[in-house]
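*Asks:* Just so you know, the protein sequences line up as chains S and P, in that order. Be aware that the first sequence starts at 1, since it is given in UniProt numbering, and climbs by one per residue. Be aware that the second sequence starts at 1, since it is given in UniProt numbering, and climbs by one per residue.
Number of protein chains: 2
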Amino acid sequence: MSASTVPAPRPPLRVALAGIGVVGGGVVRLLEANRDLIARRAGRPVEIVAISARDRHRDRGIDLARYRWEDDMGALVAADDVDVVVEMIGGADGAALTLARQTLGAGKALVTANKAMIAHHGLDLARLAEEKDTPLKYEAAVAGGIPVIKAIREGASANEIARVYGILNGTCNYILTQMERNGASFAEALAAAQAEGYAEADPTFDVDGIDAAHKLSILAALCFGTKLDIDAVTADGIRNLTAADIREAEALGHRVRLIGMAERDSGENGGGLYQHVQPCLVPSDHPLAYVPGALNAVVAEGNFVGRLFFEGAGAGAGPTASAIVADIIDIARDEYGPAFAMPVDSLDQAPAADAGARIGKHYVRLIVEDRIGVLAEIAAAMRDAGVSIESLIQRGGDDEDSVIIVLVTHEGPANAIHAALGILAASDHVVGTPMHMPILAL
Amino acid sequence: MSASTVPAPRPPLRVALAGIGVVGGGVVRLLEANRDLIARRAGRPVEIVAISARDRHRDRGIDLARYRWEDDMGALVAADDVDVVVEMIGGADGAALTLARQTLGAGKALVTANKAMIAHHGLDLARLAEEKDTPLKYEAAVAGGIPVIKAIREGASANEIARVYGILNGTCNYILTQMERNGASFAEALAAAQAEGYAEADPTFDVDGIDAAHKLSILAALCFGTKLDIDAVTADGIRNLTAADIREAEALGHRVRLIGMAERDSGENGGGLYQHVQPCLVPSDHPLAYVPGALNAVVAEGNFVGRLFFEGAGAGAGPTASAIVADIIDIARDEYGPAFAMPVDSLDQAPAADAGARIGKHYVRLIVEDRIGVLAEIAAAMRDAGVSIESLIQRGGDDEDSVIIVLVTHEGPANAIHAALGILAASDHVVGTPMHMPILAL
Ligand SMILES: NC(=O)c1ccc[n+]([C@@H]2O[C@H](COP(=O)([O-])OP(=O)(O)OC[C@H]3O[C@@H](n4cnc5c(N)ncnc54)[C@H](OP(=O)(O)O)[C@@H]3O)[C@@H](O)[C@H]2O)c1
Ligand SMILES: NC(=O)c1ccc[n+]([C@@H]2O[C@H](COP(=O)([O-])OP(=O)(O)OC[C@H]3O[C@@H](n4cnc5c(N)ncnc54)[C@H](OP(=O)(O)O)[C@@H]3O)[C@@H](O)[C@H]2O)c1
Numbered sequence: 001m002s003a004s005t006v007p008a009p010r011p012p013l014r015v016a017l018a019g020i021g022v023v024g025g026g027v028v029r030l031l032e033a034n035r036d037l038i039a040r041r042a043g044r045p046v047e048i049v050a051i052s053a054r055d056r057h058r059d060r061g062i063d064l065a066r067y068r069w070e071d072d073m074g075a076l077v078a079a080d081d082v083d084v085v086v087e088m089i090g091g092a093d094g095a096a097l098t099l100a101r102q103t104l105g106a107g108k109a110l111v112t113a114n115k116a117m118i119a120h121h122g123l124d125l126a127r128l129a130e131e132k133d134t135p136l137k138y139e140a141a142v143a144g145g146i147p148v149i150k151a152i153r154e155g156a157s158a159n160e161i162a163r164v165y166g167i168l169n170g171t172c173n174y175i176l177t178q179m180e181r182n183g184a185s186f187a188e189a190l191a192a193a194q195a196e197g198y199a200e201a202d203p204t205f206d207v208d209g210i211d212a213a214h215k216l217s218i219l220a221a222l223c224f225g226t227k228l229d230i231d232a233v234t235a236d237g238i239r240n241l242t243a244a245d246i247r248e249a250e251a252l253g254h255r256v257r258l259i260g261m262a263e264r265d266s267g268e269n270g271g272g273l274y275q276h277v278q279p280c281l282v283p284s285d286h287p288l289a290y291v292p293g294a295l296n297a298v299v300a301e302g303n304f305v306g307r308l309f310f311e312g313a314g315a316g317a318g319p320t321a322s323a324i325v326a327d328i329i330d331i332a333r334d335e336y337g338p339a340f341a342m343p344v345d346s347l348d349q350a351p352a353a354d355a356g357a358r359i360g361k362h363y364v365r366l367i368v369e370d371r372i373g374v375l376a377e378i379a380a381a382m383r384d385a386g387v388s389i390e391s392l393i394q395r396g397g398d399d400e401d402s403v404i405i406v407l408v409t410h411e412g413p414a415n416a417i418h419a420a421l422g423i424l425a426a427s428d429h430v431v432g433t434p435m436h437m438p439i440l441a442l
Numbered sequence: 001m002s003a004s005t006v007p008a009p010r011p012p013l014r015v016a017l018a019g020i021g022v023v024g025g026g027v028v029r030l031l032e033a034n035r036d037l038i039a040r041r042a043g044r045p046v047e048i049v050a051i052s053a054r055d056r057h058r059d060r061g062i063d064l065a066r067y068r069w070e071d072d073m074g075a076l077v078a079a080d081d082v083d084v085v086v087e088m089i090g091g092a093d094g095a096a097l098t099l100a101r102q103t104l105g106a107g108k109a110l111v112t113a114n115k116a117m118i119a120h121h122g123l124d125l126a127r128l129a130e131e132k133d134t135p136l137k138y139e140a141a142v143a144g145g146i147p148v149i150k151a152i153r154e155g156a157s158a159n160e161i162a163r164v165y166g167i168l169n170g171t172c173n174y175i176l177t178q179m180e181r182n183g184a185s186f187a188e189a190l191a192a193a194q195a196e197g198y199a200e201a202d203p204t205f206d207v208d209g210i211d212a213a214h215k216l217s218i219l220a221a222l223c224f225g226t227k228l229d230i231d232a233v234t235a236d237g238i239r240n241l242t243a244a245d246i247r248e249a250e251a252l253g254h255r256v257r258l259i260g261m262a263e264r265d266s267g268e269n270g271g272g273l274y275q276h277v278q279p280c281l282v283p284s285d286h287p288l289a290y291v292p293g294a295l296n297a298v299v300a301e302g303n304f305v306g307r308l309f310f311e312g313a314g315a316g317a318g319p320t321a322s323a324i325v326a327d328i329i330d331i332a333r334d335e336y337g338p339a340f341a342m343p344v345d346s347l348d349q350a351p352a353a354d355a356g357a358r359i360g361k362h363y364v365r366l367i368v369e370d371r372i373g374v375l376a377e378i379a380a381a382m383r384d385a386g387v388s389i390e391s392l393i394q395r396g397g398d399d400e401d402s403v404i405i406v407l408v409t410h411e412g413p414a415n416a417i418h419a420a421l422g423i424l425a426a427s428d429h430v431v432g433t434p435m436h437m438p439i440l441a442l
């Protein structure tokens, strides 16, 4: 390059951090540790100019004295020397949402790790960002350190996506892997996850699939060009899984994973959007079966690219900070566009698809009293509900009087399974709540 | 958005295609099939305005009559109505390179799938692109449809990358998977790959690791911020692998994969860059062990994000077109920057690291005459070369007079293995060429 064409060095990108907890602390550490490298890659230095959290005096294990502290988050937005506000507070509403609106409203760039807020208010925020022509980025909100928002928004952008699915919650995957390895019950595995710091004291958000639902709704909007619709996502968690389910799945050549899946019905079926989080049986020749521990993984199936599979750490200070700083670097490079890949007004409004009408094979597990005629009763219920049985296994149960019955159905609608279990709910011989899960089709 | 802020619709991005073979045909099909979707995502239509290949009259199985044909590639560049030239001719030099230089020299955008050309001339082309302030994009050049250039350049941009490695050649992986499943010899599996269209009549580029070396050199430059240096990449292919090697690896709980790996030595060791393609033993708890058939996969290890793993189709018309059109959409969106993430002049010049000094465990397989004293001879050679043996297995060989000896070493430098095999080369009792492979460390 001749000297005359060397562009003037670009001024630093000035960043304010709101929330210095697990993620915020990680971002401070990352920006300090990889400072020079980031400046080279971003084409300009990235500087923290101000920080804020609730309690100024809390020991956060990092030296924050060099940064300007603001007790009032609003001061981060108002400051003349702030280009980007990074929201790492959490919660769909409240302080996080207020800050996000203020930031975009002031025409400043917003980076967030907050899946709950994006799932609930992403459209409004994206519209505000468009009006103000300022970036809104949220790579860290889905699958932590895996750059899956980018991979789908930009890497797979040439494809019509048939479906997107994956392991979106590391806590659940950690629990399931524990159950798999040790034959532990759900309760035991949850306790282990809590002891290891992989699960919160109140694990509801994770184990009931709510966190995964937030992430799924974001992926669906990006993949299908539809308006985010968190209310249309249904979620079943993993609380009802037993050690026996994990064992029986294994005997069938499968592993149990909590899968969030979004799929758009064909036009003939109304073009509705299916968005569901639930435990599934994953066949052992599918890469999701090999995702261990607290990792996340996402699959996107495109009409030209085929199946893409991405795996990595879905949470934690380092991986989440990696995603946040990648967003910051994109902003420093001026490489960004509409938050959901296209203007909000051009996103489709897709009706929710009828989940019960979805066709697939299912796993059904019942615990029944060990007496003559019970099997006939189950078979009759299945027949009457129109469920066709591919295979059935009966094994001794945990106590002498009960047996476990595991059946795999032929392809059929989920509704038929619900109907059959409805019939059996009236039976005196069925013990506890039956479990049923779809078997993931390749 | 208020009506007054609606931006004027952007004009179409006008694309010229050079080379209408496997990949070029795929790009035509993709741009036609997903036309509306691409316009929505790109924010403007993407239009093919001209095409070119060698033989205008060749039947390409697609209707090209609607597109302007140019016999002379140069006319694509010269045309006023062309914004982007897509090079899908192939070859490191010749027509492809001429076209690439003309395109960038004219200040037009270049998209290419040509790993050979990027590996050999990527730096010069990137410099030219910088001078002319025009995009140079090459997502399709590495790992086909997997958006791994983007994932590393942008998704992992906040991280110092410790090493990058993966399965970069689908032909080899197909052959290895065949050997694994059927116990086939290399020659049999190669013939099957040729029959299935996964290998060329002359498979040299693939099976000797040259194609993987091209891709590895590109990944290394991106990950480490170093100047592309294809001459520093060393490659061992898979020709010398036997059915017994695959079987013994399996018995040790491993799978054999052709791995391209790049790693930067620490400053203390001179900061050199190690870039090597070779068959490796991959432990069964590593995701690369589960990559089947012609798929590709790439692992990048970042200092904050940890291990990222990307898998998908590494070749073929559809996946390669997907990557090319993703590049085109980035250009349409004005979301692009320097080809190697930073200006060419700021890339480091890294010396080649001493591959022989690399520490690791190794697999060694020898076929020896079945007679007293041979084992002692081997053990002595290993001892004299400083190789420490972790385990050794002796089995009956393919004929009565020979036995197979498989040993796994403790951690040590590759040089010591070479020295030991050098000593044994002089032995009358060793039959054929011994095989040795590193065992991939997690
Ligand atoms: N942790 C992960 O692995 C992970 C992964 C992906 C995404 N995320 C998302 O990242 C966000 C932050 O998560 P985190 O794990 O870092 O949470 P955290 O450790 O609880 O940290 C939250 C931070 O926000 C501050 N804060 C909370 N409420 C506030 C309020 N009303 N006003 C001002 N500051 C307030 C806290 O201040 P004090 O420290 O002073 O109390 C704390 O610094 C959440 O949206 C989460 O979903 C987290
Ligand atoms: N195939 C894959 O799966 C794949 C995957 C990733 C990357 N790539 C890369 O993509 C590029 C194209 O590969 P391909 O498989 O599509 O090759 P291909 O099927 O052999 O097609 C090559 C095309 O280039 C034209 N061509 C060749 N030499 C030419 C010359 N001297 N002047 C003008 N046109 C010329 C040919 O014209 P005619 O048709 O008239 O002969 C043909 O249309 C290569 O760089 C390859 O490495 C391929």
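All residues carry an ideal CB built from backbone N, CA and C; glycine is no exception.
(1) Would you tell me roughly how many angstroms separate the C-alpha atoms of Asp231 (chain P) and Asp81 (chain P), rounded to the nearest one?
(2) Out of S:Ala381, S:Glu377 and S:Ile405, point me to the one whose CA is closest to Tyr363 (chain S)'s CA.
(3) Under 8 angstroms: do the segment 40 to 56 of chain P and the segment 293 to 302 of chain P share three or more Cβ pairs, one atom per stretch?
(4) Does any residue of chain P bring its CB to less than 8 angstroms from the CB of Glu335 (chain S)?
(5) For a contact meaning CB atoms closer than 9 angstroms, what does Lys150 (chain P) contact in chain S?
(6) With a threshold of 16 other CB atoms inside 10 Å of the CB of Thr204 (chain P), please say whether the residue is buried or exposed.
(7) Can you tell me the Cβ-Cβ gap for Gly356 (chain P) and Ala414 (chain P), rounded? I've got them flagged as a contact below 8 angstroms.
(8) So, at 8 angstroms on beta carbons, what are the nonlocal neighbours of Ile389 (chain P) in its own chain, with the 5 sequence-adjacent residues on each side left out?
(9) For Val431 (chain S), which residues of its own chain have a beta-carbon under 6 angstroms away from its beta-carbon, when the five flanking residues on both sides are left out?
(10) With respect to 7 angstroms, is the separation between the Cβ of Ala315 (chain P) and the closest non-hydrogen atom of ligand 2 below this value?
(11) Under 8 angstroms, with one C-beta from each stretch per pair, do the segment 56 to 65 of chain P and the segment 166 to 185 of chain P reach the 3-pair mark?
(12) Can you tell which of P:Arg163, P:Asp327, P:Ala129 and P:Gly94 has its C-alpha closest to the C-alpha of Asn140 (chain P)?
(13) Can you tell me the Cα-Cα spacing of Leu168 (chain P) and Ala143 (chain P), whole angstroms?
(14) DSSP three-state call for Pro283 (chain S): helix, strand or coil?
(15) Please look up how many angstroms separate the CB atoms of Gly237 (chain P) and Gly209 (chain P), rounded, as I've assumed it's under 8 angstroms.
(16) With DSSP collapsed to three states, give me the class of Ile161 (chain S).
(17) State yes or no: is the C-beta of Asn296 (chain S) nearer than 7 angstroms to some heavy atom of ligand 1?
(18) Would you kindly check if the distance between the Cβ of Lys132 (chain P) and the Cβ of Gly155 (chain P) is under 8 angstroms?
(19) So which residues on chain P does Arg307 (chain S) lean against when the C-beta distance must stay under 7 angstroms?
(20) Between Pro438 (chain S) and Leu421 (chain S), is the Cβ-Cβ spacing less than 8 angstroms?
(21) Quick check on Met342 (chain P) - is its C-beta less than 8 angstroms from some C-beta in chain S?
(22) Got a sec? Which residues, its chain only, sit under 6 angstroms from Gly312 (chain S) by beta carbon, not counting five neighbours each side?
(23) Quick one: grab the DSSP three-state call for Arg239 (chain P).
(24) Given a cut-off of 8 angstroms, decide if Ala116 (chain S) and Glu73 (chain S) are closer than it, judged by their beta-carbon atoms.
(25) Val325 (chain S) CB to nearest chain P CB: under 8 angstroms?
(26) Do Ala321 (chain P) and Val23 (chain P) come within 8 angstroms of each other at the CB atom, strictly closer than that value?
(27) What's the call for Leu241 (chain P), buried or exposed, on a 16-neighbour Cβ count within 10 Å?
(28) Going by CA-CA distance only, name the one from P:Glu200, P:Leu110 and P:Leu281 that's closest to Gly253 (chain P).
(29) Below 8 angstroms on the Cβ atoms is my guess for Ala352 (chain P) versus Ala385 (chain P); work out the distance and round it to an integer in Å.
(30) I'd like to know if Asn296 (chain P) contacts chain B, where contact means its C-beta is closer than 8 angstroms to some C-beta of that chain.
(31) So what's Leu288 (chain S) in DSSP terms, helix, strand or just coil?
(32) Could you list the residues in the segment 68 to 89 of chain P with a C-beta less than 7 angstroms from some C-beta on chain S, going in chain order?
(33) Have a look at Ala3 (chain P) and Asp345 (chain S) and give me their C-alpha separation to the nearest angstrom.
(34) Excluding the 5 residues flanking Ala243 (chain P) on each side, which residues of the same chain have their C-beta closer than 7 angstroms to its C-beta?
(35) Name the DSSP beta bridge partners of Leu366 (chain P), please?
(36) Of all Cβ atoms in chain S, is any one closer than 8 angstroms to the Cβ of Ser4 (chain P)?
*Replies:* A quick look at the data gives this:
(1) 39 angstroms
(2) S:Ile405
(3) no
(4) yes
(5) Pro147, Lys150, Ala151, Glu154 and Gly155
(6) The residue in question, Thr204 (chain P), is exposed, as its Cβ has fewer than 16 Cβ neighbours within 10 Å.
(7) Gly356 (chain P) to Ala414 (chain P), Cβ: 5 angstroms. Contact.
(8) Counting only Cβ-Cβ distances below 8 angstroms, and skipping sequence neighbours, we find Ala379, Met382, Leu407, Val408, Thr409 and His410.
(9) Closer than 6 angstroms at Cβ, skipping near neighbours: Ile367 and Ser402.
(10) yes
(11) no
(12) Inspection of the sequence shows that residue 140 (chain P) is occupied by Ala rather than by Asn. Taking only the C-alpha atoms, the option nearest Ala140 (chain P) is P:Asp327.
(13) 6 angstroms
(14) strand
(15) 4 angstroms
(16) DSSP, read as helix, strand or coil, puts Ile161 (chain S) in strand.
(17) Result no, Cβ not under 7 angstroms from ligand 1.
(18) no
(19) Gly312
(20) no
(21) yes
(22) Within its own chain, the residues whose Cβ lies closer than 6 angstroms to the Cβ of Gly312 (chain S), once the five positions on either side in sequence are excluded, are Gly145 and Ile146, listed in chain order.
(23) coil
(24) According to the sequence as given, residue 73 (chain S) is Met; it is not Glu. The answer is no: Cβ separation not under 8 angstroms.
(25) yes
(26) yes
(27) buried
(28) P:Leu281
(29) Actually they are not in contact, since the Cβ atoms of Ala352 (chain P) and Ala385 (chain P) sit about 23 angstroms apart, beyond 8 angstroms.
(30) The chain inventory of the structure shown lacks chain B, comprising the protein chains S and P.
(31) helix
(32) The residues in question: there are none.
(33) Any reading at Ala3 (chain P) needs caution, since the residue's pLDDT is 43, under 50, leaving its predicted position unreliable; the model's value is listed next. Their Cα atoms are separated by approximately 12 angstroms.
(34) Met179, Gly183, Ala184 and Ser185
(35) P:Ile405
(36) Annotation note: pLDDT 46 at Ser4 (chain P) (below 50); position unreliable, coordinate value reported separately. When Cβ-Cβ separations below 8 angstroms define contact, Ser4 (chain P) makes no contact with chain S.
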